[in-house]
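Asks: Below: one structure in structure tokens.
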Amino acid sequence: MPAPTDSPSLFPPRARVVDVLLPLAIGSAYSYRVPDGMEVAVGDIVVVPLGTRTMLGCVWPRQSDSRTAQPKPVDPAKLKAIQRRYDVAPLNAAMIAFIEWIADYTVTPPGMVLRLALRHDESAGITRERIGVRLTDHRPERRTKARDKVIAALEDGFLRAKSEAAKEAGVSPSVVDGLVDDGVLETVVLPPEPAAETPDPDHAVPELLPAQAQAAAQLVASVKARAFQPFLVDGVTGSGKTEAYFEAVAEAMRQGRQTLILMPEIALTQAFLDRFARRFGVRPAEWHSAVSTKRRGRIFRGVASGEVSVVAGARSALFLPFRDLGLILVDEEHDSAYKQEDGVHYHARDMAVVRARLEGATIALVSATPSIETEVNARRGRYTRLALPERFAGTKVPRLEPIDLRREGPPRGQWIAPRLAREMERTIEAGGQALLFLNRRGYAPLTLCRACGHRIKCPSCSSWLVEHRFRRRLECHQCGYAMPVPNECPNCHEPNALIPCGPGVERLHEEAAKLFPDARLQVLSSDLAGGVERLRAELKAIEDGEVDIIVGTQLVAKGHNFPGLAMVGVIDADVGLGHGDPRAAERTFQLLHQVAGRAGRHEVEGRAFLQTYMPEHPVMQALVAGDRDAFYDREIAIREEAHLPPFARFCALIISGTDPHAAQAHARALAACSPFTDKVRVLGPAEAPLALIRGRHRYRLLARCERSFDLSAYVRAWMAGAPRATGSLKVEIDIDPQSFV
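For the record, in the sequence shown the residue sitting at position 698 is 698 according to UniProt numbering, with numbers rising by one throughout.
See the structure below:
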């Protein structure tokens, strides 16, 4: 395969020694010998020996960074040789720069970042030939009913894949193979199955409202300019943000460039895929964990070759090897699902901006409730704000009303306030749907003994076991530990003394079923059996009006479109405000605003009710008043005064180990050797709020500095002079943490 034209070789034309970066937690690439007759260039994907095994790696540029120790020259004869080069498109210069940028920023070995781009075996796999069959003039000597079915199915003379022919005839594949052996059918190599169908940018061009058309025009102009430019598409729920940015997608197609659409829950957002198909004739290529390995392999190769023009995917799609990326869209950019919390700690929203800059692409962050970081960037002119202040088709944003639980609370042992129950009854009688929102999975968050007060905890984590009555299990939401619900208290052995405390969505479903026995109810929660396919079916049933009452967790706030939803009831609006997290107010506002925005998106008028013990809280007041700007003004002022992100930067170091004393001692040693500077303040060590997870005791250090300070370089120097973690000890580095637990 010829060397890539977009990745100029950094080695001499006939160099016989190259650096290969492996997807391992190592700080630099390894040198390998290029065998005679093989030519490689920077970015090529190769197979190399490492010890007794072979590994996939990438030919990497020679390091010129003064921070990286340069290895002594080695005799090529003493080096191991590259075994082979995969016949796939190489990583281009922009992708290599992106991997190195993330490794530098997150203080992560570059090999671990490379793993994100090469972690799927199918990424460089060899495509198997597809074999088709068709009828010849020869007829079998031995006739059976099954054989006759195959012959009848193929009498039209068309070519079919073997599996397709067997399925159409209703026989096993062995019958088809037998007819091939007898010469009745001939085999033909089929062209490779396309990774995705080609969208048509002019399939169904919509008529946009003036605000939509103005936003679309600015995005289209940026795509035409073929230069990096960041936007914030800021519109109320149901304002048609998707339709506006679809026009930028269409322009990227006309330019022959590719588009990446990131979504927090792409596996569940079938409504988005349907809207894309209505606009462009076909669905985009999907990239998420529910897509089969074989299909991901086709998409990977299609993206690298340029065959796939649009990918809609989860955060991992950010590492696909696009050939010519012209547009990146980050839908629901405020969503916490964009933060990778293990391995390489990166935020897909922020890294998407970096990749767009390296690719010379347009990027649009899309949200009805932007993150504080994005809002500040827009206010300071770093991002161009495209505002969509009104809902599409003239519908109104739902009005929110508080229900003060101190005065209008439900009877003891119940969770739905009487006023909320009456409003639900009116909504259902009028033919509308009602949503009960509670951000707690399971039946009850705590199980205790009424005889001795014992609370059932996870044996490996510092968290209570959550009862899941549908499964008849107690489960830990941190490590996945599960056990049957015991018949007696494990502490005092009193029988039938265990009682559930507090509500989860399953318990709320039980109460709603008693209040509305004739209503059709549906629980939407990510931990119920059936996985993605079940959730997709349930979402479709809701959209089709087959459900009267939806009981859901934050899953319902992920951009879903429920045409018949007329009313939302938030059971515990205060649940997120009791945390010590600096982002608690922001996340509560975003979540409740998004949940309320599911109602009244079509002909029906939407209403939302917030059950709260704190109606005077600024978050509740801003929601009820519909004054989003007031919330942002106050929250930004508080962050700036307290030197919290985005006006300061944090790095969290989590030190964990199976021995709590060893973990604490190592945390203290790390704190003691932190480089001294008056620009950084190191806090801790202290026990992490979740002090025990999966049997590992956790301690936390926090480093805080001004926004302009190079925190990554500071942490890198800190770790270079720090004692090594040995035994079971582990140190995780999280630059710009989103969670403080």
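Yeah, the Cβ is synthetic: ideal placement off N, Cα and C, and Gly gets one too.
Values in this document were obtained by computation on a predicted structure and should not be read as measured data.
Does chain C have any CB closer than 8 Å to the CB of T187?
Replies: The chain labelled as chain C is not found in the depicted structure, where only one protein chain is given.
Asks: By how many angstroms is the C-alpha of D234 removed from the C-alpha of H334?
Replies: The residue labelled residue 334 in the question sits at position 334 within the sequence shown. The residue labelled residue 234 in the question sits at position 234 within the sequence shown. Distance between the alpha carbons of H334 and D234: 11 Å.
Asks: Relative to the C-alpha of V731, which residue among F709, A669 and D148 is closest?
Replies: Translated into positions along the sequence shown, residue 731 becomes position 731. With distances taken between Cα atoms, V731 lies closest to A669.
Asks: Identify the continuous beta strand (DSSP E) that holds S712 and give its terminal residues.
Replies: As a position in the sequence shown, residue 712 is number 712, starting the count at 1. That residue, S712, is in no beta strand (DSSP E); its alpha helix (DSSP H) goes L711 to A720.
Asks: Using alpha carbons as the reference points, say which of A153, T198, V715 and A368 lies closest to K167.
Replies: As a position in the sequence shown, residue 167 is number 167, starting the count at 1. Nearest option by C-alpha distance: A153.
Asks: Using DSSP with H/G/I as helix, E/B as strand and the rest coil, what is S66?
Replies: The count along the sequence shown starts at 1 and reaches residue 66 at position 66. Its pLDDT being 44, under 50, S66 is placed unreliably by the model, and the measurement read from it follows with that caveat. Here S66 sits in coil by DSSP.
Asks: For W415, does the three-state DSSP call read helix, strand or coil?
Replies: As a position in the sequence shown, residue 415 is number 415, starting the count at 1. If DSSP states are grouped into helix, strand and coil, W415 belongs with coil.
Asks: Judging by CA-CA distance, which residue of I45, E429 and H593 is the nearest neighbour of A573?
Replies: Position 573 of the sequence shown, counted from the first residue, corresponds to residue 573. Checking every option, the nearest Cα to that of A573 belongs to H593.
Asks: Apply the 10 Å Cβ neighbour rule to R115 and answer buried if 16 or more other Cβ atoms are within range, or exposed otherwise.
Replies: In the sequence shown, counting from the first residue as 1, residue 115 sits at position 115. So R115 counts as buried.
Asks: If you compare alpha carbons, which of E100, P486, I693 and D87 is closest to Q63?
Replies: For the purposes of this step, residue 63 is taken as the residue at position 63 of the sequence shown. For Q63, the nearest C-alpha among the options comes from E100.
Asks: If you draw a straight line from the alpha carbon of W415 to that of T198, how long is it in whole angstroms?
Replies: Within the sequence shown, the letter at position 415 stands for residue 415. Within the sequence shown, the letter at position 198 stands for residue 198. Going by the C-alpha atoms only, they are around 50 Å apart.
Asks: In whole angstroms, give me the CA-to-CA distance for A93 and R704.
Replies: In the sequence shown, residue 93 corresponds to position 93, counting from 1. In the sequence shown, residue 704 corresponds to position 704, counting from 1. Cα-Cα distance, rounded: 33 Å.
Asks: Nearest to E429 by alpha carbon, out of F516, R406 and G453?
Replies: Walking along the sequence shown from the start, residue 429 turns up at place 429. Looking at the Cα atoms, F516 is the closest of the given residues.
Asks: So what does DSSP say about Y338, is it helix, strand or coil?
Replies: Here residue 338 corresponds to residue number 338 of the sequence shown, with the count starting at 1. Helix, per DSSP.
Asks: Jot down the residue ranges of each uninterrupted beta strand (DSSP E) in the segment 629-678, minimum 3 residues, whole runs only, in chain order.
Replies: 648-657
Asks: E511 and A585 look like a contact to me (Cβ under 8 Å); what is the Cβ gap, rounded to whole Å?
Replies: Sequence index remark: in the sequence shown, residue 511 carries index 511 (1-based). Sequence index remark: in the sequence shown, residue 585 carries index 585 (1-based). About 29 Å separates the two Cβ atoms, so there is no contact after all.
Asks: Rounded to whole angstroms, what's the CA-CA distance from K78 to S31? Just pull it up for me.
Replies: To locate residue 78, count along the sequence shown from 1; it is residue 78. To locate residue 31, count along the sequence shown from 1; it is residue 31. So the alpha carbons of these two residues sit roughly 10 Å apart.
Asks: Compute the Euclidean distance between the alpha carbons of A97 and P370, then round it to the nearest angstrom.
Replies: In the sequence shown, counting from the first residue as 1, residue 97 sits at position 97. In the sequence shown, counting from the first residue as 1, residue 370 sits at position 370. Each residue's Cα considered, the two are about 28 Å apart.
Asks: If you draw a straight line from the C-alpha of L683 to the C-alpha of A599, how long is it?
Replies: One-based indexing of the sequence shown puts residue 683 at position 683. One-based indexing of the sequence shown puts residue 599 at position 599. In a straight line, the C-alpha of L683 is about 44 Å away from that of A599.
Asks: For V34, does the three-state DSSP call read helix, strand or coil?
Replies: The count along the sequence shown starts at 1 and reaches residue 34 at position 34. V34 falls in the coil class under three-state DSSP.
Asks: In the DSSP output, which residue or residues are listed as bridge partners for P495?
Replies: Residue mapping note: residue 495 aligns to position 495 of the sequence shown, counting from 1. According to DSSP, P495 bridges with E488.
Asks: Restricting to runs no shorter than 3 residues, where is the beta strand (DSSP E) found entirely within the segment 523-570?
Replies: 549-552 and 565-570
Asks: Can you say whether V205 is buried or exposed, counting buried as having 16 or more other CB atoms within 10 angstroms of its CB?
Replies: Counting from 1 along the sequence shown, the entry for residue 205 is found at position 205. So V205 ends up on the exposed side.
Asks: So, is R278 buried or exposed, given that buried needs 16 or more other C-beta atoms within 10 angstroms?
Replies: Your numbering for residue 278 matches position 278 in the sequence shown. Taking all protein chains shown into account, R278 has fewer than 16 neighbouring C-beta atoms within 10 Å of its C-beta and is therefore exposed.
Asks: Please list, in chain order, all residues of the same chain as F246 whose beta carbon is under 6 Å from its beta carbon, the five residues on each side excluded.
Replies: For the purposes of this step, residue 246 is taken as the residue at position 246 of the sequence shown. Non-local C-beta neighbours of F246 in its own chain, meaning closer than 6 Å and more than five positions away in sequence, comprise R279, ordered along the chain.
Asks: Would you check if there are 3 or more beta carbon pairs closer than 8 Å linking the segment 615-630 to the segment 694-710?
Replies: no
Asks: Using the C-alpha atoms, what's the distance from R391 back to G431?
Replies: To locate residue 431, count along the sequence shown from 1; it is residue 431. To locate residue 391, count along the sequence shown from 1; it is residue 391. Looking at the two C-alpha atoms, the distance is approximately 22 Å.
Asks: For L644, which option in Q738, K457 and A244 has the closest C-alpha, if you only look at C-alpha atoms?
Replies: By 1-based counting over the sequence shown, the position of residue 644 is 644. When only C-alpha atoms are compared, the closest one is Q738.
Asks: Could you tell me the alpha carbon to alpha carbon distance between T374 and L365, rounded to whole angstroms?
Replies: On the sequence shown, position 374 is the one that residue 374 refers to. On the sequence shown, position 365 is the one that residue 365 refers to. Spanning the alpha carbons of T374 and L365 requires a straight line of approximately 8 Å.
Asks: Alpha carbon to alpha carbon, how far is L436 from A519? Give it in angstroms, no decimals.
Replies: By 1-based counting over the sequence shown, the position of residue 519 is 519. By 1-based counting over the sequence shown, the position of residue 436 is 436. So the two alpha carbons sit approximately 13 Å from each other.
Asks: So the alpha helix (DSSP H) W101 belongs to, where does it begin and stop?
Replies: Taking the sequence shown and counting its residues from 1, the one referred to as residue 101 is at position 101. Unbroken alpha helix (DSSP H) run through W101: A93 to T106.
Asks: I think P445 touches G360, with their Cβ atoms under 8 Å apart; what is that distance to the nearest whole Å?
Replies: By 1-based counting over the sequence shown, the position of residue 445 is 445. By 1-based counting over the sequence shown, the position of residue 360 is 360. Cβ-Cβ separation between P445 and G360: approximately 49 Å, too far for a contact (criterion under 8 Å).
Asks: Between A352 and I363, how many whole angstroms is the CB-CB distance? I'm expecting something under 8 Å.
Replies: Translated into positions along the sequence shown, residue 352 becomes position 352. Translated into positions along the sequence shown, residue 363 becomes position 363. Right, their Cβ atoms sit about 6 Å apart.
Asks: Check each candidate in V46, E186 and A378 and name the one with the smallest Cα separation from F231.
Replies: In the sequence shown, residue 231 corresponds to position 231, counting from 1. Looking at the Cα atoms, A378 is the closest of the given residues.
Asks: Is the segment 304-321 close to the segment 264-274, with three or more CB pairs under 8 Å?
Replies: yes
Asks: Going by other Cβ atoms of all chains shown within 10 Å of its Cβ, with 16 needed for buried, is D181 buried or exposed?
Replies: One-based indexing of the sequence shown puts residue 181 at position 181. Within 10 angstroms of the beta-carbon of D181 lie fewer than 16 other beta-carbons, which makes it exposed.
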